[in-house]
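Residue numbers (UniProt numbering): 1 to 75. For every residue, glycine included, the Cβ atom is placed at its ideal position computed from N, Cα and C.
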């Protein structure tokens, strides 16, 4: 049984995988530049693939914080 965790918050996805006793490897991806601030606990699953040994390869990324610009518009 494979669980689809793409798009889920990492803390929830991790709980689902652990409860189902599914082995996984996690890679954290980050922007190359630190211009935009990141949510410290806001990681989301952006990719999953199953390896030949049945282990899931999970890639997670942090969500960007929203900020108000000088003209008052929110990004």
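Within this structure, are the beta carbons of residue i and residue j separated by less than 8 Å?
i: residue 28; j: residue 3; result: no
Give the single residue among the options whose Cα lies nearest to the Cα of residue i.
i: residue 47; options: 41, 39, 57; result: 57
i: residue 53; options: 23, 33, 16, 38; result: 23
i: residue 26; options: 11, 37, 19; result: 11
i: residue 42; options: 30, 55, 16; result: 30
To the nearest angstrom, how far is it from the Cα of residue i to the Cα of residue j?
i: residue 13; j: residue 6; result: 8 Å
i: residue 63; j: residue 44; result: 7 Å
i: residue 17; j: residue 33; result: 31 Å
Look up residue i in the DSSP assignment and say whether it is helix, strand or coil.
i: residue 57; result: strand
i: residue 27; result: strand
i: residue 38; result: strand
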